[in-house]
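Residues in the sequence shown are numbered from 1 upward in steps of one, following the working numbering. Think of the CB as a built atom: it goes at the ideal place given N, C-alpha and C, for glycine as much as any other residue. The structure appears below as structure tokens.
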Amino acid sequence: MPSPASAARRPDAIAQTGWVVSLKYTELGAFLRSRRERIRPEDVGLVAGPRRRVPGLRREEVAQLAGASADYYNELERGAGSQPSEQMLAALARALRLTSDERDYLYRLAGRPLPAPGGPRSHVHPGMTDLLTRLTSTPAQVITDLHVTLVQNPLAVALLGDQSGFRGREASFVYRWFTDPGARRLYPAADHDAQSRSFVADLRAASARRDAKDPEARALIDDLVGRSAEFAALWARHEVGVRRGDRKRIDHPALGVVEVNCLNLCSEDGRQRLLWFTPAVGTDSAGKLELLGVIGPGPALSPFPGAAPQTP
């Protein structure tokens, strides 16, 4: 536990956050350190190297995985620094492969309210995170049943653009599809009608599976009905169908049209999906996908002007 003298050296942080210096301050750092030390570099797609002297990951590696500065993460492990935001805690939980119970413990130590079950930034199941880490040669990402992207591998960012900067209702790709014309640049115009029908049918299945009164799904649907005549008309058809896999044509600004098979693996409760994209047989897409790692995400794929790395 920090001494009174050390607490006095942090008046600004305490005043700004209201985070009372207590035993939990020290416990948070110890817990982060223990979780960091149990993860092997290869578990998260990193190269161990010949001169690794610490068990598990280095502090700067965790910071990189969580999108935080190395200095800030070092402060957290030392039981210092400002109170981490809910977004930062979610990023740390993903980086450290925390279980749901461990994630909740992390939030409690940090003095933050627990995330709502199934919320738009819900915790990624460690099993899905592990699978995503192993999919190094194909684009892959984890999304919710409301089409909120939770985490992407680098090839998915290169193919689809960085989806991490969206907040609020715009975090759902279905919402953006029907309210932001720029979202449709991902697909050739000839495919838009089919994509719209598929999105709406999938959303209906998700809302029924969650519960007709689920506030998150209900708010999303009501907002879309009010804002998009196209969505309202499709919703009135009562078509339903879970997207378990399909063939897509993605209009990449540098590679042109890339035809892929989109496959998915659903979590047990159906609220999360691991999507991965493989080249369609009989096309030139295999070579195009190999170029993704070299090209990276171009400026034309920046999906949202306000997108920015997460901050503490």
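- Along the region 235-310, the alpha helix (DSSP H) occurs as fully enclosed runs of 4 or more residues at 285-295, listed in sequence order.
- 8 Å or more divides the Cβ of Arg-52 from the Cβ of Ala-70.
- In the displayed model, Ala-70 falls within a helix according to three-state DSSP.
- Inter-segment contact for the region 264-276 and the region 134-147 is present: three or more beta-carbon pairs are separated by less than 8 Å.
- Judged by beta-carbon spacing, Ile-39 lies beyond the 8 Å limit of Leu-28, meaning their Cβ atoms are not closer than that value.
- The C-beta distance from Arg-204 to Val-240 rounds to 5 Å, short enough to fall under 8 Å.
- Residue pairing by DSSP places Gln-195 in no beta bridge whatsoever.
- Phe-231 is the residue among Phe-231, Tyr-175 and Val-157 whose C-alpha sits nearest the C-alpha of Arg-197.
- With fewer than 16 neighbouring CB atoms inside 10 Å of its own CB, Ala-190 falls in the exposed class.
- Distances from the alpha-carbon of Leu-132 to those of Glu-290, Leu-289 and Glu-42 put Glu-42 closest.
- Bridge partners of Gln-141 according to DSSP: Gln-152 and Leu-275.
- By the Cβ neighbour-count rule, Gly-168 is exposed, with fewer than 16 other Cβ atoms within 10 Å of its own.
- When the Cα atoms are used, Leu-98 and Gly-111 turn out to be separated by approximately 18 Å.
- Boundaries of the alpha helix (DSSP H) around Thr-133: 126-134.
- Arg-249 is the residue among Arg-249, Pro-139, Glu-102 and Val-62 whose C-alpha sits nearest the C-alpha of Gln-195.
- Per DSSP, reduced to three states, the secondary structure at Ser-207 is helical.
- Boundaries of the alpha helix (DSSP H) harbouring Pro-215: 215-227, taken from the DSSP string.
- The DSSP-derived three-state label of Ser-85 is coil.
- Linking His-192 to Phe-199 through their CA atoms gives a straight-line distance of about 10 Å.
- By the 16-neighbour rule on beta-carbons within 10 angstroms, Glu-61 is buried.
- Excluding residues up to 5 positions away in sequence, Phe-178 and Thr-179 lie with their Cβ nearer than 8 Å to the Cβ of Arg-227 in the same chain.
- DSSP links Ser-34 through a beta bridge to no other residue.
- For Ser-172, the beta-bridge partners assigned by DSSP are Val-148.
- Secondary structure of Val-47 (DSSP, three-state): coil.
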